[in-house]
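Notes follow once the structure below has been shown.
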Amino acid sequence: MKYKSIKDAMDKGKGEVSIRGWVYRERGSNKIKFIVLRDSTNIIQCVLKKDYFKKSWSEIDGIQIETSMKITGIIKKDKRAPSGYEVVVKKYVVVGSSDSFPITKGQSAEFLLDNRHLWLRSRKMTAVMKIRSTYSQAREEFFKKEGFWRFDTPVLQPTQSEGGSTVFEVKYYKQKTYLAQTWQLYGEAAIFALEKVYNSGPTFRAEKSKTSRHLSEFWMVETEVAWWRLKDITEFAKKELKYCIKKVAEKCPEEFKLLGRDPKELIAMTKKSWPTIKYRKALKMLKEKAGMNVKFGKDLRTIEEETIAKMYDTPVVVTHYPQEIMAFYKPRDPEFHDEALCFDMLCPEVGLEIVGGSERSLDIKEMSENLNRGGENPKDYKFYFDLRKYGGVPHSGYGVGLERVIQWICKLDNIKDAIGFPRTMLRWKP
Ligand code: 4AD
Ligand code: MG
């Protein structure tokens, strides 16, 4: 028996087909049973008639949601059916019966998270996962086209890099290590061999905030390039996002529509130019247009990021944040000493920070001071400082928060829906 996917069966559109999948919906009377079967490609209505299945009617009558089945029958167009086609069943096999499925309409977000292993099968989660996968495939294509090398690095690392307050400590034999807060420090080591490197991998932050935009484990897509400066890297980050978003919008229009996002709108956005402004200008705009007073030296809070982002209909890059509050490796602007050569990219609508990056400091003394101030021992960063001692060159990089991008383009209220099995301060199961 040659099984077709539901999509291929519908493309065939007539004659006999064999399909397999799971029961998405069922209803019936004592004469007829309607089963909507689901596979990874689509759903389709299947009809079983009692006259035809006299002997097995009690089994058919008892079929519950999520039962796995193989079905052979005649497919035809039917306007009333949920996906426009119907299969009149001639043969069926119940492969795995299903208990009464715990997920029904109108359940709370927490219940769905407790049952994530089952909720993954929902149309919503399936659409999000397809978009996420397609996005990642497009990204691999992009970096290949741009002549980058993929460089894999350890998840267990001897130091923090983005601030000691959010590291997860891991017992490592008789020592201790930390879960990677970023790939960057190792990416920097690799540019001396490969010049243009990238990666995508799990990244960990012990975020103590319970927000709709923070995960404790997320996937960061990072890039590091020798010789490039701030301007090069901000323009390249825009190019990467435009490429990936356009590709995924072209390849997953139905999935986006199901999530309430018009894919054409995304494609149009990738064709616009995305502005870059300085942090100081952002403060001025906040004051003049929104009456918000933020002093130079403060990081932008969520509400301020949102306010800036809402002034644009594309992502906006904000550069030159105050050096003092930045990670230890972000260099000072040689002209304006209180500013760092760094950037964030904020997405429109929700105003999430989707990208963070910078030039990398070459000044060992200053970096040591920054580390000391943060309670770190500069001696632990010898390997990192060596990269400045042996043929250091200007270089820059950035990291894209994959779930943040997915949250934004899929219009998800919570970042937890942008990943299969989310990890947050309060959730590490299932
Ligand atoms: O801005 P961040 O902290 O930058 C870095 O880690 C740099 N080392 C990256 C680099 O230059 N190679 O993180 C980068 C991005 C953020 O802009 C955000 O999109 C995402 O990672 N991110 C998170 N996403 C979900 N949950 C969290 N807790 C996140 N923290 C950061
Ligand atoms: Mg950041």
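This note's numbering numbers the first residue of the sequence shown as 1 and each following residue consecutively.
C-beta atoms are modelled at their ideal positions from N, C-alpha and C, and glycine is treated no differently.
What would DSSP say about phenylalanine 142, mapped onto helix, strand or coil?
helix
Through-space distance from serine 200 to glutamate 146, alpha-carbon basis
16 Å
Does the ligand 4AD have even one heavy atom less than 7 Å from the beta-carbon of threonine 182?
The closest heavy atom of the ligand 4AD lies less than 7 Å from the beta carbon of threonine 182.
Can you determine whether any heavy atom of the ligand 4AD sits closer than 7 Å to the C-beta of serine 358, and answer yes or no?
yes
Taking the straight line between their C-alpha atoms, what separation do you get for glycine 374 and lysine 176?
19 Å
Histidine 214: buried (16+ other C-beta within 10 angstroms of its C-beta) or exposed?
By the beta-carbon neighbour count (other beta carbons within 10 angstroms, threshold 16), histidine 214 is buried.
Classify glutamate 306 as helix, strand or coil using the three-state DSSP reduction.
Looking at glutamate 306 - three-state DSSP - the assignment turns out to be helix.
To which residues does DSSP link proline 202 through a beta bridge?
Note: proline 202 sits in a beta bridge opposite Trp219.
Would you mind stating whether valine 317 and methionine 345 have Cβ atoms separated by less than 8 Å?
yes
Chain-order list of residues whose beta-carbon lies under 6 Å from that of glutamate 195 (same chain, five-residue window excluded)
Ala226
Can you check which of these residues, Phe343, Glu255 and Ser68, is closest to valine 355 by C-alpha distance?
Phe343
Flag glutamate 353 as yes when its Cβ comes closer than 7 Å to any non-hydrogen atom of the ligand MG, and as no otherwise.
Yes.
Looking at the unbroken beta strand (DSSP E) that takes in serine 396, where does it start and where does it end?
395-401
I need the DSSP call for tyrosine 312, collapsed to helix, strand or coil.
Coil, per DSSP.
Please confirm whether glutamine 45 and glutamate 16 have their CB atoms less than 8 Å apart.
Cβ distance not < 8 Å, so glutamine 45 and glutamate 16 don't count as in contact.
Residues in the same chain with beta-carbon distance under 7 Å from methionine 326, minus the five sequence neighbours each way, listed in chain order, please.
Ala340 and Cys342
Measure the CB-CB distance between valine 128 and isoleucine 406 and report whether it falls below 8 Å.
Against a cut-off of 8 Å, the Cβ pair of isoleucine 406 and valine 128 comes out as a contact.
With 8 Å as the threshold, decide whether the Cβ of tryptophan 408 is near any Cβ in chain B.
The chain labelled as chain B is not found in the depicted structure, where only one protein chain is given.
What residue does the beta strand (DSSP E) around aspartate 344 start on, and which one ends it?
342-346
Completely contained beta strand (DSSP E) runs for the segment 18-55, where each covers 3 or more residues:
The segment 18-55 contains these whole beta strand (DSSP E) runs: 32-38 and 43-49.
Any heavy atom of the ligand 4AD closer than 7 Å to the beta-carbon of glycine 73?
No.
Can you tell me where the alpha helix (DSSP H) holding glutamate 265 begins and where it ends?
263-271
Which first and last residues belong to the beta strand (DSSP E) in which glutamine 175 is found?
175-179
Measure from the alpha carbon of lysine 330 to the alpha carbon of each residue in Gly420, Leu185, Asp78 and Tyr3, then state which is nearest.
Leu185
Quick test of your reading: glycine 351 and glutamate 403, contact by CB under 8 Å. State the CB separation rounded to the nearest angstrom.
So it is not a contact: roughly 16 Å between Cβ atoms.
Does the distance from the C-beta atom of glutamate 188 to that of arginine 20 stay below 8 Å?
no
Counting Cβ pairs closer than 8 Å, one from the segment 92-100 and one from the segment 51-66, do we hit at least three?
yes
Heavy atom of the ligand 4AD less than 7 Å from the Cβ of glutamate 304, yes or no?
no
According to DSSP, is glutamine 137 helix, strand or coil?
Three-state DSSP puts glutamine 137 in a helix.
What's the call for serine 358, buried or exposed, on a 16-neighbour Cβ count within 10 Å?
buried
Residue from Asp262, Trp274, Ala309 and Lys272 whose Cα sits closest to the Cα of leucine 283:
Ala309
Does the distance between the C-beta of aspartate 432 and the nearest non-hydrogen atom of the ligand MG fall short of 7 Å?
In the structure as shown, the chain begins at 1 and stops at 430. Residue 432 is therefore absent and cannot be evaluated.
Tyrosine 172, buried or exposed, once every other Cβ within 10 Å from all chains shown has been counted against 16:
exposed
Near proline 158, what residues of its chain come up, given a Cβ to Cβ distance below 7 Å and the 5 sequence neighbours on each side ignored?
Thr177 and Asp380
Closer than 7 Å: is that where the CB of glycine 164 sits relative to any heavy atom of the ligand 4AD?
no
If you measure between the beta carbons of leucine 274 and threonine 314, is that distance less than 8 Å?
Checking the sequence shown, residue 274 turns out to be tryptophan, not leucine. In contact: tryptophan 274 and threonine 314 (Cβ atoms closer than 8 Å).
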